[in-house]
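K.L.:
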Amino acid sequence: MAQSVPEVAAGTLLRLDPGDWSYGRDLTPGTPIAVTVTSVRDLPNRAEEWVWVLGHRPECAYPHVERHPPCMEVRVAVAALRGRERAS
Numbered sequence: 001m002a003q004s005v006p007e008v009a010a011g012t013l014l015r016l017d018p019g020d021w022s023y024g025r026d027l028t029p030g031t032p033i034a035v036t037v038t039s040v041r042d043l044p045n046r047a048e049e050w051v052w053v054l055g056h057r058p059e060c061a062y063p064h065v066e067r068h069p070p071c072m073e074v075r076v077a078v079a080a081l082r083g084r085e086r087a088s
């Protein structure tokens with residue numbers, strides 16, 4: 001039976017180590033990153049392994065900008081989200 005992806009509430013500051021994510025537009029591979037989550041989307045056929053996390057850089061002024069699209073889209077390992085869930 002497939003395990004569900006852990007809930008990550010909008011507004012959560014997610015700090016990811018280099019091994020926690022594999023792709024992000026305009027991000028340097030192999031570096032730690034932080035993202036303020038706006039939403040999480042399953043990856044078709046890979047939902048047990050990877051999800052897309054959409055959000056903003058922590059320094060983004062997104063609450064003050066009308067209809068500002070997410071600054072970041074990052075492919076994140078579901079295991080990293082599960083580890084975060086256990087730690088809280």
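With the first letter of the sequence shown counted as 1, position 64 gets the number 64 in this note's numbering; the numbers rise by one all the way through. Cβ coordinates follow ideal geometry from the N, Cα and C atoms, glycine included.
When we look at the beta-carbon of H68 and count the other beta-carbons within 10 Å, is it buried (16 or more) or exposed?
P.N.:
Here residue 68 refers to the residue found at position 68 when the sequence shown is read from its first residue. Per the 10 Å Cβ criterion, exposed.
K.L.:
Which term fits A80, buried or exposed, when burial requires 16 or more other beta carbons within 10 angstroms of its beta carbon?
P.N.:
The residue given as residue 80 occupies position 80 in the sequence shown. It is buried - the Cβ of A80 has at least 16 other Cβ atoms within 10 Å.
K.L.:
Provide the residue(s) that pair with W8 in DSSP beta bridges, ordered along the chain.
P.N.:
Here residue 8 refers to the residue found at position 8 when the sequence shown is read from its first residue. The amino acid occupying residue 8 in the given sequence is Val; Trp does not appear at that position. Note: V8 sits in no beta bridge, so no partner.
K.L.:
So, with DSSP's three-state summary, where would you put D17?
P.N.:
As a working mapping, residue 17 is identified with position 17 in the sequence shown. In this structure, D17 counts as coil in the three-state DSSP scheme.
K.L.:
Assuming L54 contacts T38 (C-beta within less than 8 Å), just tell me the rounded distance between them.
P.N.:
Taking the first residue of the sequence shown as position 1, residue 54 is located at position 54. Taking the first residue of the sequence shown as position 1, residue 38 is located at position 38. Confirmed, about 5 Å.
K.L.:
Can you tell me where the beta strand (DSSP E) holding L54 begins and where it ends?
P.N.:
For this step, residue 54 is matched to residue 54 along the sequence shown. Counting along the chain, the beta strand (DSSP E) containing L54 begins and ends at 50-56.
K.L.:
Would DSSP call A61 helix, strand or coil?
P.N.:
Counting from one through the sequence shown, the residue named residue 61 turns up at place 61. Three-state DSSP puts A61 in coil, outside helix and strand.
K.L.:
Would a C-beta distance cut-off of 8 Å place L14 and V5 closer than the cut-off?
P.N.:
Translated into the one-based positions of the sequence shown, residue 14 becomes position 14. Translated into the one-based positions of the sequence shown, residue 5 becomes position 5. No; because the gap between Cβ atoms is not below 8 Å, this pair is not in contact.
K.L.:
From P18 to R25, what does the alpha carbon distance come to, in whole angstroms?
P.N.:
Residue 18 sits at position 18 when you count from the first residue of the sequence shown. Residue 25 sits at position 25 when you count from the first residue of the sequence shown. The alpha-carbon atoms of P18 and R25 are separated by roughly 15 Å.
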